[in-house]
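J.: Supplied in structure tokens, the structure appears directly below.
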Amino acid sequence: MFELLSSFENRIRNISLSAFIWNEGSSMQRSQSGVLLSLLHELLSKHRMLSFQLLVISSGSVRGVPSDWSRLDLERTFVETLHTCSGSMCLFIDGLDEIDRKIEGGLPSLLSLISTLKDTPGLKICVASRPELQIQDELASFPRLLLQELTRADIYSYTLGDIITVEHANDWLVSTSPPAFAQEPIPQLADIIVTKAEGVFLWVHLVLSGIRNGLVNYDSWDMLMERIEALPSELNELYETIWRRFSGENPLYQHRAALYFNLLNFDWFSGMPFLQLMFASDSPSQKPVLGDGVRFSAKNLITACEILHRQLWARCGGFVEVIQGGNSARIPGGHQSEEAMLFSKLEYFRHYRVKFIHRSAHEFLTKTTEGRKILGYDENPAANHVFALVLA
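Have a look at this one:
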């Protein structure tokens, strides 16, 4: 990309500016003013002579803090500054669809700004967004790249590699597929999945666990097709489907999964140490630590860890994952005392972390009606969760 930009009218210098609008950001970060402040700061940092020109252009308009600027003042200042810059520039704005819709005119105002900027001499603009109708309509006349076209080959390779891990998959599908697919059933199956994914890697990752389970259980080709057709393309709807499959019909499962989700919400971005989650979510395992007279038992602690590991998959599959962090220890074999082996296993669990599988899983749980309903299955007040995490 930047090699192409270098050939684009290399006058004084090429400057690239970027802004990223993130749904989890602050109100300012998700506003048009925040985007303009970010771009203006980056522009002046890279082209310091513009600062003096800006003082001349905007004499008497010096502001002390960001909130002193109105959106219109920022827009006018940014546009005027761009026009005084003699170098070629490229502007990147990612996440148009995550702009705050409730302030400063929301999305229509941001699209209007982009429309204004496109006529600036020497400026190239590249924006990225989910394919919302309003955005597509506004930008329909401009060249575009579709994510699914860029990622299709990689997603296909990943899907194919995942399906062939089931040893009997090919022979079984050959015997159950319609004639049109029987020649190469696995590549055909992978192609169907990739087409429905529409470029969303996470969707494929979530769906493939169900496909693998179906193949392990000798689901026929028709049954697999029914499974794929039943899965919604939208991630939030897919999360609802996954929830109903894993915990949606069992009150005990619902409560336990909601407890794990609520605890993980306190450190959702980087994840939580496995042992901390285990202690915080399991009262019996806290007793030795709290000193109520129960003798510490490494064996019981390992049992609690193993139960948590299974429950996270059985209750929360598709929402959270257990990952190895740092220099993960291996469980050694050989001649060791039982006590040494137990503590080696504990060391193994110590390097595990639990985190949401993706930011979208956390957003589904905290920002949608269905997600908040799921969190509500755990009726413990937030203070109890904080107390449990402190003790853990």
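Be aware that the sequence shown starts at 3, since it is given in this note's numbering, and climbs by one per residue. Beta carbons: idealized from backbone N, C-alpha and C, even for Gly. All values derive from a computational prediction rather than experimental measurement.
Locate the alpha helix (DSSP H) running through Met-30, then write down its first and last residues.
T.: Position 28 of the sequence shown, counted from the first residue, corresponds to residue 30. Looking at the DSSP string, Met-30 is not in any alpha helix (DSSP H), and its letter there is neither H nor E.
J.: Name the residue from Ser-35, Ile-101, Ser-90 whose alpha carbon lies nearest to the alpha carbon of Ile-23.
T.: Counted from its first residue, the sequence shown places residue 23 at position 21. Nearest of Ser-35, Ile-101, Ser-90 to Ile-23, Cα basis: Ile-101.
J.: Rounded to a whole number of angstroms, what is the C-alpha to C-alpha distance between Arg-78 and Ser-72?
T.: Residue numbering aside, residue 78 sits at position 76 when the sequence shown is read from its first letter. Residue numbering aside, residue 72 sits at position 70 when the sequence shown is read from its first letter. Computed Cα separation, rounded: 10 Å.
J.: Could you tell me the alpha carbon to alpha carbon distance between His-364 and Ala-259, rounded to whole angstroms?
T.: Along the sequence shown, read from residue 1 onward, the residue named residue 364 stands at position 362. Along the sequence shown, read from residue 1 onward, the residue named residue 259 stands at position 257. Cα-Cα distance, rounded: 13 Å.
J.: Buried or exposed: where does Asn-264 fall if 16 or more other Cβ atoms within 10 Å of its Cβ makes it buried?
T.: As a first step, residue 264 is located in the sequence shown; it is residue number 262 there, counting from the start. Buried: at least 16 other Cβ atoms inside 10 Å.
J.: Use the C-beta contact count for Glu-106: other C-beta atoms within 10 angstroms, 16 or more gives buried, fewer gives exposed.
T.: Looking up residue 106 in the sequence shown gives position 104. Buried, by the Cβ-count rule.
J.: Nearest by alpha-carbon distance to Gly-373: which of Arg-246, Glu-308, Ile-165 is it?
T.: For this step, residue 373 is matched to residue 371 along the sequence shown. When only C-alpha atoms are compared, the closest one is Arg-246.
J.: Give me, in chain order, the residues of the same chain whose beta-carbon lies closer than 7 Å to that of Ser-35; leave out the 5 immediate sequence neighbours on both sides.
T.: Looking up residue 35 in the sequence shown gives position 33. Cβ neighbours of Ser-35 beyond the five flanking positions: Trp-71, Arg-73, Leu-76, Glu-106.
J.: Can you grab the Cα-Cα spacing for the pair Phe-366 / Arg-50, in whole Å?
T.: Translated into the one-based positions of the sequence shown, residue 366 becomes position 364. Translated into the one-based positions of the sequence shown, residue 50 becomes position 48. Cα-Cα distance, rounded: 43 Å.
J.: State the Cα-Cα distance for the pair Tyr-379 and Leu-208, rounded to the nearest angstrom.
T.: Counting from one through the sequence shown, the residue named residue 379 turns up at place 377. Counting from one through the sequence shown, the residue named residue 208 turns up at place 206. Those two C-alpha atoms are separated by around 23 Å.
J.: Apart from the five residues on each side of it in sequence, which residues of its chain come closer than 7 Å, Cβ to Cβ, to Glu-169?
T.: Here residue 169 corresponds to residue number 167 of the sequence shown, with the count starting at 1. Counting only Cβ-Cβ distances below 7 Å, and skipping sequence neighbours, we find nothing.
J.: How is the beta strand (DSSP E) around Lys-375 delimited, first residue to last?
T.: Counting from 1 along the sequence shown, the entry for residue 375 is found at position 373. Taken as a continuous stretch (DSSP letters only), Lys-375 belongs to no beta strand (DSSP E), being part of the alpha helix (DSSP H) at 371–377.
J.: Among the candidates Ile-304, Leu-279, Gln-136, whose CA atom is the shortest distance from the CA of Phe-358?
T.: Numbered from its first residue, the sequence shown carries residue 358 at position 356. The shortest Cα separation from Phe-358 among Ile-304, Leu-279, Gln-136 belongs to Leu-279.
J.: Assign Gln-185 to one of three DSSP states: helix, strand, or coil.
T.: Residue 185 sits at position 183 when you count from the first residue of the sequence shown. Gln-185: coil per DSSP, three-state reduction.
J.: Return the Cβ separation of Arg-229 and Gly-212 in integer angstroms, given the expectation that the two are a contact with Cβ distance under 8 Å.
T.: Here residue 229 refers to the residue found at position 227 of the sequence shown. Here residue 212 refers to the residue found at position 210 of the sequence shown. The Cβ separation is near 6 Å, so the contact holds.
J.: Considering only their Cβ atoms, is the gap separating Pro-189 from Val-176 smaller than 9 Å?
T.: The residue you call residue 176 lines up with position 174 of the sequence shown. The residue you call residue 189 lines up with position 187 of the sequence shown. Not a contact, by the Cβ cut-off of 9 Å.
J.: What is the DSSP secondary structure of Phe-389, counted as helix, strand or coil?
T.: Position 387 of the sequence shown holds residue 389. In this structure, Phe-389 counts as helix in the three-state DSSP scheme.
J.: Grab me the residues of Glu-140's own chain with a C-beta within less than 7 Å of its C-beta, minus the 5 sequence neighbours each way, in chain order.
T.: Here the question's residue 140 lines up with position 138 in the sequence shown. Leu-113.
J.: Any contact of the segment 24–34 with the segment 85–102, i.e. 3+ C-beta pairs under 8 Å?
T.: Counting Cβ pairs under 8 Å, three or more are found: they touch.
J.: What separation, rounded to the nearest whole angstrom, lies between the Cα atoms of Leu-240 and Thr-153?
T.: Mapped onto the sequence shown, residue 240 falls at position 238. Mapped onto the sequence shown, residue 153 falls at position 151. So the two alpha carbons sit approximately 20 Å from each other.
J.: Just to confirm my understanding: we take Trp-270, look at its own chain, exclude 5 residues before and 5 after, and list those with CB closer than 7 Å. What are they?
T.: Translated into the one-based positions of the sequence shown, residue 270 becomes position 268. Hits under 7 Å: Phe-358, His-364.
J.: Please work out which residues of its chain come closer than 6 Å, Cβ to Cβ, to Ile-325, disregarding the five sequence neighbours upstream and downstream, and give them in chain order.
T.: Locating residue 325 in the sequence shown gives position 323, counting from the first residue. Excluding residues within five positions, the ones whose Cβ falls inside 6 Å are Arg-355.
J.: Please classify Arg-317 as buried or exposed, where buried requires at least 16 neighbouring CB atoms within 10 angstroms.
T.: As a working mapping, residue 317 is identified with position 315 in the sequence shown. It is buried - the Cβ of Arg-317 has at least 16 other Cβ atoms within 10 Å.
J.: What's the C-alpha gap between Ala-171 and Tyr-350?
T.: Position 169 of the sequence shown, counting from 1, holds the residue named residue 171. Position 348 of the sequence shown, counting from 1, holds the residue named residue 350. So the alpha carbons of these two residues sit roughly 33 Å apart.
J.: Would you kindly work out how many angstroms separate the C-alpha atoms of Ala-390 and Val-206, rounded to a whole number?
T.: Within the sequence shown, residue 390 is the residue found at index 388, counting from 1. Within the sequence shown, residue 206 is the residue found at index 204, counting from 1. Cα to Cα, Ala-390 sits roughly 35 Å from Val-206.
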